[in-house]
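Asker: Quick one: the structure is below, and I'll ask about it shortly.
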Amino acid sequence: MDLFPVWLSLRVSLTATALTVVAGLPLAWLLARRRFPGRDALGALVVIPLVLPPTVLGYYLLVVIGSRGPVGRVLAAFGLELAFTWRAAVLAAAVGSIALLVKAAQAGFESVDSRLEQAARTLGRSEWSVFWSVTLPLAWRAVLAGTILAFCRAMGEFGITLMVAGSIPGRTQTLPLAIYDHVQANQMADANVLALISVGLVVGLLLGLSRVARLRF
Amino acid sequence: MLAVAITKRLPGFTLDVSWEADDPVVALFGPSGAGKSLTLHCLAGLVRPDGGRIVVNGRVFDDVAAGLHLRPQARRLGYVFQGYALFPHLTVADNVGFGLHGRSRAVRRRRTAEVLERLGLAEVASRYPRELSGGQQQRVALGRALAPDPELLLLDEPFSALDVPLRRQLREELGRLIREWGKTVVLVTHDLAEAYQLGERLVVYDAGRVVQAAPKDELLLRPASESVARLIGMRNVLRGRIVKASPDRIEIVWRGQTVEAVNSLARPYLAPPGTPVAFVVRPEYIRLIRKDRAGPDPAHHMNLLRGTVVDEIDQGTAWTLLFRLDAPGEPSQGGYDLEVEIPKLVYEMLDVARDRGWDVSMHRGALQVLPGG
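Respectively, the protein sequence lines represent chains A and B. Residue numbers for the first sequence follow our numbering, so the first one is 3 and each next one is one higher. Residue numbers for the second sequence follow our numbering, so the first one is 25 and each next one is one higher.
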């Protein structure tokens with residue numbers, strides 16, 4: 003049977019998780035440590051992907067990145083296409099999972115005693131240095147737990163991916179989409195194998211890391 | 025030289041303080057919530073005042089009118105936080121070296137080793153803060169603050185995390201250390217004994233304001249007001265009315281008795297008769313008059329009062345007697361009028377345990393008028 007969806011899902015989810023961490027950590031830090039106008043709105047915006055129907059999210063995303071959407075047009079001008087490529091699946095997975103990382107990391111940063119950060123400032127450390135030498139080392143468990151959750155969520159992304167990347171076999175058909183297709187085609191044995199791989203990967207990752215790094219999810 | 029004159033408005037609390045000090049060690053003393061720690065945060069640049077100026081040894085830290093606010097990183101100060109705020113993920117050596125990160129590795133290592141040595145922490149250099157005793161943690165916090173050689177050292181309740189027996193011992197140790205390092209120090213404490221032992225100048229805070237700033241000896245001898253006298257725990261803070269005030273004497277009527285006090289030489293208090301006035305009587309300056317000699321003689325004994333010992337408190341080497349005047353009326357301090365302190369020997373010789381009715385006399389120098397407040 004074709005294992006392409008497994009490799010695609012891993013590639014998509016790893017890339018999406020990397021994006022999520024790069025964009026999500028500064029966001030989590032802002033929400034945890036800074037007071038600014040619009041902070042509450044930003045906090046609400048972050049959790050919207052968790053509560054909105056994935057198809058709705060996917061629809062809006064498609065409107066934005068589709069060939070006639072604002073972002074899609076700009077990309078097209080550079081000869082790039084986003085919608086219905088594996089990159090669109092990455093975007094879908096990132097949008098679907100970033101809230102998990104932000105919320106976990108925000109809670110982690112908030113649990114760091116802010117006097118430790120103040121102490122670092124009085125000792126001459128810049129904000130950048132305070133983050134890397136105090137805040138992150140004390141919150142890494144929460145950040146790692148959030149990253150793992152985001153990765154697992156990305157592995158399972160279905161609705162948004164279907165809307166913006168389609169389900170093109172050999173190109174954008176990720177693991178969950180392939181399972182759906184197999185079931186539709188009454189290929190239960192194939193669906194079963196992929197489902198087991200899916201469960202094995204996620205459960206193994208969660209259990210393994212909670213053992214090794216003593217994480218609590 | 026420190027000059028602090030700042031305001032800061034927070035929800036439900038306003039800090040509005042002004043004090044100056046030329047002394048090496050200044051203690052900010054007052055009850056919890058009086059604004060002492062907030063002042064320290066402003067000094068460190070962690071909180072930005074709403075108004076005023078902070079100048080330390082000629083360097084302007086804050087000048088709100090001029091829009092000037094130096095970042096904490098640029099103030100070159102050491103801050104020992106309440107509870108120490110040691111970095112739990114770093115060893116003792118890394119904690120102490122944390123403020124040296126701009127310097128070369130060799131300098132960092134040498135300076136860290138030197139500070140650890142001086143503070144007697146060399147043996148625990150590779151341990152983590154949670155593995156240390158309270159006293160060791162305090163020294164690590166001090167070492168971390170001092171390692172970058174700051175101009176100003178700020179100590180926020182440095183003993184609050186420690187058990188009481190340990191506090192007294194460490195107070196002496198800390199006093200020695202800050203004298204040795206010769207830094208300008210601002211100490212925050214709600215413990216008067218700490219303020220006295222470590223500070224040369226005391227700034228007394230109450231409800232977001234400074235009620236008195238003075239060298240410590242002056243503060244005890246001449247509290248500026250009734251509230252200061254109460255804040256520094258003076259006993260027998262009493263209220264009466266002026267009968268007559270002259271530059272050297274004041275007569276006061278209190279509990280129906282007329283008592284006489286020495287007026288302040290420096291700042292004579294000359295309010296008109298009938299003015300309410302607060303005064304203190306030092307408990308150790310009140311004498312019981314012996315009954316086996318000639319009786320009380322107004323010509324010989326000043327401020328004679330008659331009353332009864334209603335209770336007594338064992339102070340170890342002395343007794344505190346709670347003394348109630350026989351004169352009719354409500355006692356001025358709850359169930360009694362005066363605290364009288366007598367050494368145990370006198371207590372036994374006079375057999376106060378059995379004999380409760382006494383005449384007492386107070387030298388006019390033991391009565392001190394508290395102007396204002």
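Ideal Cβ positions, reconstructed from N, Cα and C, are used throughout, including at glycine.
In whole angstroms, what is the alpha-carbon distance linking arginine 191(B) and leucine 118(A)?
Answerer: 24 angstroms
Asker: Grouping DSSP H, G and I as helix and E and B as strand, with all else coil, what is glycine 68(A)?
Answerer: coil
Asker: Using a C-beta to C-beta distance shorter than 7 angstroms, which residues of chain B count as neighbours of threonine 137(A)?
Answerer: Neighbours of threonine 137(A) on chain B: none; closest Cβ ~11 angstroms, over 7 angstroms.
Asker: Pull up the CB-CB distance for aspartate 338(B) and arginine 225(B), whole angstroms please, since I reckon it's below 8 angstroms.
Answerer: Approximately 34 angstroms separates the beta-carbon atoms of aspartate 338(B) and arginine 225(B); this is outside 8 angstroms, ruling out the contact.
Asker: List the residues of chain A that glutamine 161(B) touches, going by C-beta distances under 8 angstroms, in chain order.
Answerer: Those do not exist, as glutamine 161(B) stays about 13 angstroms from chain A at its closest Cβ, beyond 8 angstroms.
Asker: Please identify, using Cβ separations under 7 angstroms, the residues of the stretch 97-121 of chain A that lie next to chain C, in order along the chain.
Answerer: Absent from the structure is chain C; the protein chains it does hold are A and B.
Asker: Quick check on threonine 57(A): does DSSP put it in helix, strand or coil?
Answerer: helix
Asker: Please classify arginine 233(B): does DSSP put it in a helix, a strand, or coil?
Answerer: Arginine 233(B) falls in the strand class under three-state DSSP.
Asker: Please report whether the beta-carbon of isoleucine 199(A) lies at a distance below 8 angstroms from any beta-carbon of chain B.
Answerer: no
Asker: So alanine 103(B) is in the beta strand (DSSP E); what residue range does that whole segment cover?
Answerer: Rather than alanine, the amino acid found at residue 103(B) in this sequence is tyrosine. Taken as a continuous stretch (DSSP letters only), the beta strand (DSSP E) holding tyrosine 103(B) covers 101-104.
Asker: Under 9 angstroms, CB to CB, which of the residues in the stretch 122-142 of chain B have a partner in chain A?
Answerer: Phe122, Gly123, Leu124, His125, Gly126
Asker: Label serine 157(B) either buried or exposed according to how many other C-beta atoms from any shown protein chain fall within 10 Å of its C-beta, with 16 as the threshold for buried.
Answerer: exposed
Asker: Evaluate contact between the stretch 80-88 of chain B and the stretch 51-61 of chain B, counting only Cβ atoms and requiring at least three cross-stretch pairs below 8 angstroms.
Answerer: no
Asker: Counting only Cβ-Cβ distances shorter than 9 angstroms, please list the residues of the stretch 68-94 of chain B near chain A, keeping chain order.
Answerer: Ala68, Gly69, Leu70
Asker: If you follow the alpha helix (DSSP H) that arginine 37(A) is part of, which residue opens it and which one closes it?
Answerer: Run containing arginine 37(A): none; DSSP gives neither H nor E here.
Asker: If you compare alpha carbons, which of Ala191(A), Gln189(A), Ile170(A), Ala147(A) is closest to leucine 207(A)?
Answerer: Ala147(A)
Asker: For leucine 93(A), which of Leu32(A), Gly161(A), Ala187(A) has the nearest alpha-carbon?
Answerer: Gly161(A)
Asker: So threonine 213(B) and glutamate 181(B) are supposed to be a Cβ contact under 8 angstroms. How far apart are they, rounded?
Answerer: In this structure threonine 213(B) is in contact with glutamate 181(B), their Cβ atoms being roughly 6 angstroms apart against a cut-off of 8 angstroms.
Asker: Kindly list the residues whose CB is nearer than 6 angstroms to the CB of lysine 32(B), restricted to its own chain and excluding five residues on each side of it in sequence; keep chain order.
Answerer: Leu39, Pro73, Asp74
Asker: Under 8 angstroms between beta-carbons, which chain B residues line up against arginine 70(A)? List them in chain order, please.
Answerer: Near arginine 70(A) there are no residues of chain B at all, since even the closest Cβ is about 49 angstroms away, more than 8 angstroms.
Asker: Give the list of continuous alpha helix (DSSP H) stretches no shorter than 4 residues that lie fully inside the stretch 270-347 of chain B.
Answerer: none
Asker: Given a threshold of 16 other Cβ atoms within 10 Å of its Cβ, counted over all protein chains shown, does aspartate 361(B) qualify as buried or as exposed?
Answerer: By the neighbour-count rule (16 or more Cβ atoms within 10 Å), aspartate 361(B) is buried.
Asker: In whole angstroms, what separates the C-alpha of aspartate 4(A) from that of leucine 77(A)?
Answerer: 32 angstroms
Asker: Give me whichever residues DSSP pairs with tyrosine 108(B) in a beta bridge.
Answerer: Phe105(B)
Asker: From the DSSP secondary-structure annotation, give me the bridge partner or partners of serine 128(B).
Answerer: Answer is none; serine 128(B) lacks a bridge partner.
Asker: Is DSSP giving aspartate 183(A) helix, strand or coil here?
Answerer: In the three-state DSSP reduction, aspartate 183(A) falls in the helix class (H, G or I).
Asker: If you draw a straight line from the alpha carbon of arginine 155(A) to that of aspartate 173(B), how long is it in whole angstroms?
Answerer: 50 angstroms
Asker: Per DSSP, what are the beta-bridge partners of arginine 398(B) in this structure?
Answerer: Lying before the first or after the last residue shown, residue 398(B) is absent from chain B, which here runs from 25 to 397.
Asker: From the DSSP secondary-structure annotation, give me the bridge partner or partners of valine 210(B).
Answerer: Answer is Val50(B), Leu178(B).
Asker: Taking 8 angstroms as the CB-CB limit, is threonine 124(A) close to chain B?
Answerer: yes
Asker: Quick one: what's got a C-beta closer than 6 angstroms to glycine 397(B)'s C-beta in the same chain, skipping five residues either side?
Answerer: In this prediction, glycine 397(B) scores a pLDDT of 46, lower than 50, which makes its location untrustworthy; no coordinate-derived value is stated.
Asker: Using a C-beta to C-beta distance shorter than 9 angstroms, which residues of chain B count as neighbours of leucine 140(A)?
Answerer: In chain order: Phe111, Pro112, His113.
Asker: Output needed for arginine 127(A): all residues of its chain with C-beta closer than 7 angstroms, excluding positions within five of it in sequence on either side, in chain order.
Answerer: Ser135
Asker: Could one say the Cβ of serine 128(A) lies closer than 8 angstroms to chain B's Cβ atoms, at least one of them?
Answerer: Yes, serine 128(A) lies at the interface with chain B (some Cβ there is under 8 angstroms from its Cβ).
Asker: Using the DSSP secondary-structure output, state which residues sit across from arginine 265(B) in a beta bridge.
Answerer: Val277(B), Pro300(B)
Asker: Considering alanine 107(A), what are the terminal residues of the alpha helix (DSSP H) in which it resides?
Answerer: 88-112
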